[in-house]
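One structure is given below, encoded as structure tokens.
Numbering (mature numbering (1 follows the signal peptide of the UniProt record, and there is no 0)), first residue to last: -20 to -1, 1 to 566.
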């Protein structure tokens, strides 16, 4: 049973993976997942893309994870934790008996090494540096006790989204180095092979502390576009696909052997506007149009994009128009507002601000004298970018702004938005149940060093008011008060308009239900299978034959706040999932 047949490569536009994908060993059960985004890195300190982090979450545990159903923090490598009265010292007790995939014990020294490296090394802070920004010290008191001291209270201590790495592997490595395979990890799967732009292969971790997965291999197979991925699903060459277009999702409704899942998305989609990119020292970098430093222009652009039309015409109604920065699925933290679509009003604002139109109808920046001719970077092969770009180009044309759409690879978009070499660019992030990470992307601290390393900027915003609110929310343990601070931060982003929040698309997924029982979704109900914040979807994968046999795979189903982990057989859980999806609940 091959993952990709050679004949399909030329016909359907598949990535050329056939030669590299050998036959699975007899008796092996492989879950083959189609992805349409290239992996930026499999280095746990560097990866920021949804596909890269999705893969890494299956291979590297964190101190805590999110409950599959409720998204509340629950034990992972740490089985319990206790803060001091002043919330400045946290003691984590690591799980007894957990081992790395090579059989070495997982100890508090591994966690201390991971955090200490991030504190000391700029490159190691690239992906998740916000989580250690307030750390004062990290020590391993003994094999199982990790002690973290912070300079001020940090509300994210039970939601540290940091993959813990083995000290005995990484102590002699450059934290920016590409990994070697197989990667020694602690999750349910082990990354054994990677071919850039082709596939990533993982095998079940026999030593995983929760219990071995019920599949033997997990392959992420890269396709250049969703049409090719859907064709592979129909042909039985892959088993699970997400980020379907509305048309594809609807067409699969009656496909034999295929079931669908429509989930509320955790992702916001945006157009970035370069507000004057600079490095961490404040030195200008990149080549963004200087007019975009003006918030009047940025607000006019935002006011000229009809997000409701994009949801209806491009997403076919499978989504919600943009409002706050935090997606509405996280209701406590979501700030709901709407910037009225008003091109006439935006034109009046630009007239008043001195952006006169030239003979060709294109406005001119009154400070630099440059025409408002802007580049819009889009991800090549991405349905939303390709279909929405003509709308945006047309609306901004009515505003007197000439737009040149440049469709490039995912890697080139990431590079340009990190180096500041863009005017406008499609982007987006999947938010966590705790909002700190995506909030940190808009801080001054997110700007890269002079060498372009050490941080992950989104829009290159650097605003004292926003940063002050960020510091307040991360120190606030009262959820209600913290939510109000987070909403004020979103209001500030709305005022400064370094980006346009276009909307929150539903996660449209499909899988071969003639091969696999229903997967665990997160949150449950209503969540996606493929989830960048956890591994539950892949860990729950159960071949139909093995589902009928029963089994003993353990799942964390409760245990909020550092208490006891409840392990249960998967049989009753699968039955419940079948009942819940019997009427195609989506």
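Beta carbons: idealized from backbone N, C-alpha and C, even for Gly.
These numbers come from a predicted model, not from an experiment.
When the Cα atoms are used, residue 380 and residue 302 turn out to be separated by approximately 23 Å. Taking C-beta separations shorter than 6 Å and ignoring five residues to either side along the sequence, the partners of residue 99 in its chain run 112, 115, following chain order.
Unbroken beta strand (DSSP E) stretches of 3 residues or longer found wholly inside the stretch 157 to 217: 169 to 175, 179 to 184, 197 to 202, given in chain order.
DSSP places residue 384 within a strand segment (E or B) once states are collapsed to three. Counting only unbroken stretches of 3 or more residues, the beta strand (DSSP E) elements lying wholly within the stretch 469 to 507 are 479 to 485, 487 to 492, in sequence order. When beta bridges are read from the DSSP output, residue 353 appears opposite 382.
DSSP places residue 140 in the coil class of the three-state scheme, outside both helix and strand.
Contact between residue 490 and residue 240 holds, with the beta-carbon distance rounding to 5 Å and staying under 8 Å.
Annotated as proximal: residue 252 and residue 404, with beta-carbon spacing under 8 Å.
In the DSSP annotation of this structure, the continuous segment of the alpha helix (DSSP H) that includes residue 99 starts and ends at 88 to 100. Here residue 314 is not near residue 299, since their CB atoms are 8 Å or more apart. Around the C-beta of residue 268, 16 or more other C-beta atoms lie within 10 Å, and the residue is accordingly described as buried. Remark: C-beta atoms of residue 170 and residue 182 approach each other more closely than 8 Å.
With 16 or more other Cβ atoms inside 10 Å of its own Cβ, residue 110 counts as buried. Within the model, the alpha-carbon separation for residue 352 versus residue 325 is close to 18 Å. In the DSSP assignment, residue 290 falls within the unbroken alpha helix (DSSP H) covering 287 to 293. Residue 308 sits in coil when the DSSP states are folded into three classes, being neither helix nor strand. Here residue 59 carries a strand assignment [DSSP, helix/strand/coil]. Shown here for residue 360: same chain residues with a beta carbon closer than 7 Å to its own, the five before and five after excluded, namely 387, 388, 389 in chain order.
Under the three-state reduction of DSSP, residue 255 is assigned to coil, being neither helix nor strand. If you compare the alpha carbons of 504, 85, 428 with that of residue 146, the shortest gap goes to 85. In its chain, beyond the 5 residues on either side, 418 have a beta carbon closer than 6 Å to the beta carbon of residue 409. Under the DSSP assignment, residue 126 falls in the beta strand (DSSP E) whose first and last residues are 125 to 130.
Between the alpha carbons of residue 184 and residue 129 lies a distance of about 36 Å. C-alpha of residue 441 to C-alpha of residue 256: approximately 8 Å in a straight line.
Residues of the same chain with a CB within less than 6 Å of the CB of residue 37, apart from the 5 flanking positions on each side, are 515 in chain order.
Pairing residue 104 with residue 155 gives a Cβ-Cβ distance under 8 Å. DSSP places residue 135 in the coil class of the three-state scheme, outside both helix and strand. Within the model, the alpha-carbon separation for residue 175 versus residue 437 is close to 27 Å. The three-state secondary structure of residue 67, taken from DSSP, is coil.
Approximately 7 Å separates the beta-carbon atoms of residue 449 and residue 472; this is inside 8 Å, confirming the contact. By the CB criterion at 8 Å, residue 144 and residue 41 fall inside the cutoff.
For residue 242, the three-state secondary structure derived from DSSP is strand.
When only Cα atoms are considered, residue 43 and residue 512 end up about 16 Å apart. In terms of Cβ geometry, residue 345 and residue 280 do not form a close pair [threshold 8 Å].
About 12 Å separates the Cβ atoms of residue 425 and residue 261, ruling out a contact at the 8 Å cut-off.
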